[in-house]
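Participant: Residues 1 to 236, numbered by UniProt numbering, are exactly what the sequence shown covers, in order. In this text, a Cβ means the ideal position worked out from N, Cα and C, and glycines have one as well. Take this structure first; my questions come after.
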Amino acid sequence: MAFAAAEAILKKLAPLAAEQAGLLWSLKSDFLKLKSTVSSIRAVLLDAEEQSGLNHQVRDWLDELKQVLYDADDLLDDFSTEALLKQRRNDGNRCLNEVCLFFTRSNQLVSGLVMAHRLKAIRIKLDEIDENRRKFNLETRLRDPAAAAAINHERQTDSFVPYGFVGREEDKKKIIAMLLSSTNDQQKIEVIPILGMGGLGKTALAQCIYNDESVSTCFQLKIWMCFRSFRSSNIG
1 MAFAAAEAIL KKLAPLAAEQ AGLLWSLKSD FLKLKSTVSS IRAVLLDAEE
51 QSGLNHQVRD WLDELKQVLY DADDLLDDFS TEALLKQRRN DGNRCLNEVC
101 LFFTRSNQLV SGLVMAHRLK AIRIKLDEID ENRRKFNLET RLRDPAAAAA
151 INHERQTDSF VPYGFVGREE DKKKIIAMLL SSTNDQQKIE VIPILGMGGL
201 GKTALAQCIY NDESVSTCFQ LKIWMCFRSF RSSNIG
């Protein structure tokens, strides 16, 4: 799970580190340093996750890391949102009232300073975690790109759920109950979202529900589609 969290962070960092057109302050070097640290940690996470079952110190290290990665994930979402809002402010209707414009810029400055401070705190904490992991002599082990590509292809074209999917029975029962108790109103389209960061098993859970016998019996027609990203117009 820590490996998936680190990969999610790196994906969000890529556009922020590459350009700053939507940002209100110069933080490119901070993003690049954060990206470097997370990449360094990610390289040993597969080995760390294997060792965590037997080594409580590694397990504690992983728990601390995951909490900081979650904080970083939230912060990067805030940066992306602020960048988008700034772009819309520049492209859309501008506030003509000088007082309003002054306070808008003041709020942006305060928000920028707070977020920059959060970024610095996360960077310092991750640097400490990166330094601490060296005492465990963890091996560098990255996933094979060819294997990752094969998994990605399977997710997009197949509705098969591998054996060994465990630990989500209660979630499965709750969602199936919601599906089977849905209204018969033909004019109403209901959507049941499954939310969570990458690597939590959202797609596997959805596939398991899709293939459940009670669901197949209730719905005469079914279709499976998996999108990594989509617009609402792609559904329906």
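Name the residue from Lys11, Ala83, Phe3 whose alpha carbon lies nearest to the alpha carbon of Val44.
Facilitator: Working through the sequence shown from its first residue, we reach residue 44 at position 44. Val44 has its Cα closest to that of Phe3, out of Lys11, Ala83, Phe3.
Participant: For the stretch 12 to 19 and the stretch 52 to 70, state whether three or more C-beta atom pairs, one from each stretch, are separated by less than 8 Å.
Facilitator: No: fewer than three Cβ pairs fall under 8 Å.
Participant: Can you check whether the CB of Ala116 is closer than 8 Å to the CB of residue 259?
Facilitator: The displayed coordinates of the chain run from 1 to 236. Any statement about residue 259 would go beyond what the structure contains.
Participant: Pick out the complete alpha helix (DSSP H) segments inside the UniProt domain "Disease resistance N-terminal" (7 to 90), 4 residues or longer, and give them in chain order.
Facilitator: Runs of the alpha helix (DSSP H) inside the UniProt domain "Disease resistance N-terminal" (7 to 90): 28 to 42, 45 to 51.
Participant: What does the Cβ neighbour count give for Val191, buried or exposed, with the cut at 16 atoms within 10 Å?
Facilitator: Position 191 of the sequence shown, counted from the start, is the residue given in the question as residue 191. So Val191 counts as exposed.
Participant: With a cut-off of 8 Å on the beta carbons, I'd call Cys208 and Lys172 a contact; round off their distance for me.
Facilitator: Position 208 of the sequence shown, counting from 1, holds the residue named residue 208. Position 172 of the sequence shown, counting from 1, holds the residue named residue 172. Contact flag correct, Cβ pair sits at about 6 Å.
Participant: So, with DSSP's three-state summary, where would you put Arg171?
Facilitator: Your numbering for residue 171 matches position 171 in the sequence shown. In the sequence as presented, Arg is not what sits at residue 171; that position holds Asp. The answer is helix: DSSP assigns Asp171 an H, G or I state.
Participant: Express the C-alpha separation of Lys202 and Arg42 in angstroms, rounding to a whole number.
Facilitator: Looking up residue 42 in the sequence shown gives position 42. Looking up residue 202 in the sequence shown gives position 202. Cα-Cα distance, rounded: 22 Å.
Participant: If I follow the unbroken alpha helix (DSSP H) through Val215, where does it start and stop?
Facilitator: Counted from its first residue, the sequence shown places residue 215 at position 215. Unbroken alpha helix (DSSP H) run through Val215: 213 to 218.
Participant: Going by DSSP in three states, Asn137 sits in which element: helix, strand or coil?
Facilitator: Indexing the sequence shown from 1 puts residue 137 at position 137. Coil at Asn137, not helix or strand.
Participant: Would you identify the three-state DSSP class for Lys202, choosing helix, strand or coil?
Facilitator: In the sequence shown, counting from the first residue as 1, residue 202 sits at position 202. It is helical.
Participant: Under the three-state reduction of DSSP, which class applies to Lys120: helix, strand or coil?
Facilitator: As a working note, residue 120 is residue 120 in the sequence shown. Reduced to three states, the DSSP call for Lys120 is helix.
Participant: Measure the CB-CB distance between Lys33 and Leu10 and report whether it falls below 8 Å.
Facilitator: On the sequence shown, position 33 is the one that residue 33 refers to. On the sequence shown, position 10 is the one that residue 10 refers to. Not closer than 8 Å, so no.
Participant: Would you mind sorting Val114 into buried or exposed? The rule is 16 or more other CB atoms within 10 Å of its CB.
Facilitator: Position 114 of the sequence shown holds residue 114. Flag for Val114 reads exposed.
Participant: Consult DSSP for Met1 and reduce its assignment to one of helix, strand or coil.
Facilitator: In the sequence shown, counting from the first residue as 1, residue 1 sits at position 1. Here Met1 sits in coil by DSSP.
Participant: State the Cα-Cα distance for the pair Ser214 and Val68, rounded to the nearest angstrom.
Facilitator: For the purposes of this step, residue 214 is taken as the residue at position 214 of the sequence shown. For the purposes of this step, residue 68 is taken as the residue at position 68 of the sequence shown. Ser214 and Val68: Cα-Cα distance of roughly 41 Å.
Participant: Give the straight-line distance between the Cα atoms of Gln73 and Leu179, rounded to the nearest whole angstrom.
Facilitator: Here residue 73 refers to the residue found at position 73 of the sequence shown. Here residue 179 refers to the residue found at position 179 of the sequence shown. Note on residue identity: the sequence assigns Asp, not Gln, to residue 73. If you take the alpha carbons of Asp73 and Leu179, they lie about 31 Å apart.
Participant: Residues in its own chain within less than 7 Å of Arg168 by CB, not counting five upstream and five downstream?
Facilitator: By one-based count along the sequence shown, residue 168 stands at place 168. Excluding residues within five positions, the ones whose Cβ falls inside 7 Å are Gly201, Leu205.
Participant: Would you kindly check if the distance between the Cβ of Leu119 and the Cβ of Leu75 is under 8 Å?
Facilitator: For the purposes of this step, residue 75 is taken as residue 75 along the sequence shown, with counting starting at 1. For the purposes of this step, residue 119 is taken as residue 119 along the sequence shown, with counting starting at 1. Yes, the pair counts as a contact, with Cβ atoms nearer than the cut-off.
Participant: For Lys222, which three-state DSSP category applies?
Facilitator: Counting from 1 along the sequence shown, the entry for residue 222 is found at position 222. Coil.
Participant: Alpha carbon to alpha carbon, what distance is there between Gly196 and Gln57?
Facilitator: Position 57 of the sequence shown holds residue 57. Position 196 of the sequence shown holds residue 196. Answer to the nearest angstrom: the Cα atoms are 27 Å apart.
Participant: If you count every other CB in all the chains shown that lies within 10 Å of the CB of Ala177, and 16 or more means buried, which is it?
Facilitator: To locate residue 177, count along the sequence shown from 1; it is residue 177. By the neighbour-count rule (16 or more Cβ atoms within 10 Å), Ala177 is not buried but exposed.
Participant: Tell me whether Arg133 is buried or exposed, calling it buried when 16 or more other Cβ atoms sit within 10 Å of its Cβ.
Facilitator: As a first step, residue 133 is located in the sequence shown; it is residue number 133 there, counting from the start. Flag for Arg133 reads buried.
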